[in-house]
Amino acid sequence: MARRRDGAILPPVSTELLYLLLSVYFALWANQVFWEKFLEAAGLSLTAAPRVTVGLFVVLVGVHWLLMLCFVPRILAKPVGISLLIVTPFAVYFMREFGVYFDKSMLRNVVETDTREARELLGNIILWLQVCLYGVVPAAVFALWPQSPARGTALALFHRAGWAVACVVIVGLAMWSISAIAVPVFRDKRELRYLVTPANYLVSVARVLGEQTYEPEVLEPIASDAIRGEAASNRRPRVFVVIVGETVRAANWGLNGYRRQTTPQLQRRDVYNFPDVESCGTSTAVSLPCMFSLSGRRQHDEAVIRRSESVLHVLQRTGVDTLWRDNQSGCKGVCRGLPFESMASLGACPAGLCYDESLLDGLVDRIGSSQRDFVVVLHMMGNHGPRYYLRYPPAFQRWAPVCTTANLAQCSRESIVNAYDNGVAYADHVVARAIDMLVNLDSHDAGLLFVSDHGESLGENNVYLHGLPHLIAPAFQKKVPQVLWLSPALKKSLNVDMACLDGISRQPTSHDSLSHLLLGMMNIKTERYEPSLDFLGGCSKR
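Each number in our numbering comes from the position in the sequence shown (counting from 1) with 10 added on.
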């Protein structure tokens, strides 16, 4: 193109036209996953139904154009446009490579990701090449494209309003023309809205930030009527260790009948295995607050759970000591204001890589220092993806070859599963070692529960990792392993019916039972306690 007299290569255009060009670019490039999923759900192809294709294209362009017309003033046109162009390739990459849907829960995961997780997810040359090609280069063009001279305020508002009205009319007509096909698809596949990019992550970011803005300084009390039902002096104190696994799915758990023996050490322990357990969410940010709440998924209100106390606060308030030991990205508010220890801050990870056995260091002494009932939560790094091969010491690599990149789509399915199964076997070792430590405990009657926060997809139907909306998430992301161990002394103290417990363990259960199990174990009386959810209480005479 010939250079203009004013030195510009590109002709000046109005701000509204710049927004339109940006919207066309997003509709054509950033929404490839949306196009694929929509056409698949409708049973169509791009060429077989040109009217639907054109109509949907107009809707995609119109939605983004309308958002920019309404919310982005001229003075912010370049900063906002450049930011969207650079950020959107990240979203597109994770949607395409890992099957991610950018709903509120997924954006909360992004906001709460720590530096270690971020390094693993972003340390991929293909990702950065795509960001440069599809983000930085278009952003440079957008930055250099001159805008037409500004109009007067009144004329500019009138002009902007006119384009917005025209956009609404055009989108309405386009949607009407394809409504016979599009409406049933969107009604049946509501999750498709989380693929419309960049509107998906923009709306979700706004919702997450809005919730954080209203986060209370003081948590709302729950179970205010809670009291101890029995004086601790009438018996030996109890300690119950809850090991929260990370990203361990039931399908690869050896005790559940998996084709590989990934739990050889627990196989030799006197444990009760629960083969049918459903998680509260498909991400740590959702599951962790939910499983330690008293409402659980049955009465799930994420906002209420996040602004309220957890069951650990109830226990601490009624005279039970609590401790949260973390080898992950924190307790997500569950232990806010309560005793907390991070393995990284304790110097347990000299190379910056904490294996989960570090959670057990000094644990017996820590328990012995308390003369009261004690609930300890050990939050594992577990099998956090995508670099599964970093989750276990080299000595625990039983299956090879293993995938050694964060870009799982580049690895064979076998190498991904091998690395993942090695991590499961290491989790088995950590839990078994914790049991062995508690067996010889002199200070307390001991028990232990291992349960994973959520599962994981390992490439089934081209879906990886976790975090899909619960409604559409596969069982691989929602079904988790759970194992219970009780010392002989605690069994006697609780007067447990072994046959009953063996039968109960074979029944379906969920994360909803955890908080009520803890209340029952420590004999906390409150109207919020639900005996039907305390599977141990139904098999003991306390």
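Think of the CB as a built atom: it goes at the ideal place given N, C-alpha and C, for glycine as much as any other residue.
Query raised in the report: Distance, Cα to Cα, Asp375 vs Leu451?
Result: 10 Å
Report task. Classify Ile514 as helix, strand or coil using the three-state DSSP reduction. Result -> helix
Query raised in the report: Assuming Val249 and Phe384 make a contact with CB atoms under 8 Å, what is their CB distance in whole Å?
Result: 4 Å
**Report entry** Top-ranked residue by Cα proximity to Ile514, from Ile232, Asn283, Arg203
**Finding:** Asn283
Report task. Leaving aside the five residues before and after Val387 along the sequence, list all residues of the same chain whose C-beta is less than 6 Å from its C-beta, in chain order. Result -> Hits under 6 Å: Val252, Trp334.
Query - Inter-residue spacing [alpha-carbon to alpha-carbon] between Phe67 and Ile96 - result: 22 Å
**Report entry** Nearest residue (CA-CA) to Ser289, options Ser462, Asn119, Leu139
**Finding:** Ser462
Report task. Kindly indicate which three-state DSSP category His476 falls into: helix, strand or coil? Result -> coil
Report task. Go ahead and pull the three-state DSSP assignment for Trp138. Result -> Looking at Trp138 - three-state DSSP - the assignment turns out to be helix.
Query - Backbone CA spacing between Met105 and Cys345 [nearest angstrom] - result: 32 Å
Query - Bounding residues of the alpha helix (DSSP H) (the contiguous stretch that carries Leu132) - result: 125-132
Report task. Enumerate in chain order the residues of its own chain whose CB-to-CB distance from Val206 is below 8 Å, with the five nearest sequence positions on each side excluded. Result -> Asn41, Phe44, Leu70, Val73
Query raised in the report: Where does Gln338 land, buried or exposed, given buried means 16+ other C-beta within 10 angstroms?
Result: Counting Cβ neighbours within 10 Å, Gln338 comes out buried, since at least 16 surround it.
**Report entry** For Ala153 and Ile232, believed in contact at Cβ under 8 Å, the rounded distance
**Finding:** In this structure Ile232 is not in contact with Ala153, their Cβ atoms being roughly 51 Å apart against a cut-off of 8 Å.
Query raised in the report: Excluding the five sequence neighbours on either side, which residues of its own chain have a C-beta within less than 7 Å of the C-beta of Gly477, listed in chain order?
Result: Val110, Ser115, Met116, Asn119, Thr292, Ser293
Report task. Assuming Tyr436 contacts Leu468 (C-beta within less than 8 Å), just tell me the rounded distance between them. Result -> Not really, about 17 Å apart at Cβ, beyond 8 Å.
Query - His389 - containing beta strand (DSSP E), residue span - result: 384-389
Query raised in the report: If we ignore side chains and look at the alpha-carbon of each, how far apart do Pro411 and Asn505 end up?
Result: About 48 Å.
**Report entry** Trp495 - containing beta strand (DSSP E), residue span
**Finding:** 489-496
Query raised in the report: How close, in whole Å, do the beta carbons of Thr328 and Arg238 come, if the pair is a contact with beta carbons under 8 Å?
Result: 5 Å
Report task. Please name the residue or residues paired with Ser520 in a DSSP beta bridge. Result -> Partner(s): Glu288.
Query raised in the report: Beta-carbon separation of Phe460 and Gly255 under 9 Å?
Result: yes
**Report entry** Backbone CA spacing between Ala12 and Leu20 [nearest angstrom]
**Finding:** Residue confidence is low: Ala12 scores 43 on pLDDT, short of 50, so the model does not pin down where it sits. No coordinate-derived value is stated.
Requested in this report: Just confirm the distance between the C-beta atoms of Trp39 and Tyr204, as a whole number of angstroms; I'd bet it's less than 8 Å.
Outcome: Actually they are not in contact, since the Cβ atoms of Trp39 and Tyr204 sit about 18 Å apart, beyond 8 Å.
Query raised in the report: How long is the line joining the alpha carbons of Ala190 and Ser55, rounded to whole angstroms?
Result: 16 Å
Query raised in the report: What whole-angstrom Cβ distance do Phe108 and Leu400 have, given they're in contact under 8 Å?
Result: With a Cβ gap of about 17 Å, Phe108 and Leu400 do not count as contacting.
Query raised in the report: Who pairs with Asp455 in a beta bridge, going by DSSP?
Result: Arg248
Query - Contact between the stretch 261-279 and the stretch 433-447 (3+ Cβ pairs under 8 Å) - result: Yes, the stretch 261-279 touches the stretch 433-447.
Query raised in the report: What residues are listed by DSSP as bridge partners for Glu351?
Result: Arg335
Query raised in the report: Taking buried to mean at least 16 other C-beta atoms within 10 Å of its own C-beta, is Gln492 buried or exposed?
Result: buried
Requested in this report: Taking the CB atoms as reference points, tell me whether Gly465 and Val490 lie closer together than 9 Å.
Outcome: Taking 9 Å as the Cβ cut-off, Gly465 and Val490 qualify as a contacting pair.
Query raised in the report: What is the DSSP secondary structure of Phe112, reduced to helix, strand or coil?
Result: When DSSP states are grouped into helix, strand and coil, Phe112 belongs to the coil group.
**Report entry** Tyr35 versus Asn417, Leu529, Gly378, Trp75, residue with shortest Cα-Cα distance
**Finding:** Trp75
Report task. Measure from the alpha carbon of Glu127 to the alpha carbon of each residue in Arg279, Ser425, Pro396, Gly530, then state which is nearest. Result -> Pro396
Requested in this report: From the DSSP output, in three-state form, read off Phe36 for me.
Outcome: helix
Query - Residues near Pro541 in its chain [Cβ-Cβ closer than 8 Å; skip 5 each side] - result: His526, Gly530, Gly547, Gly548
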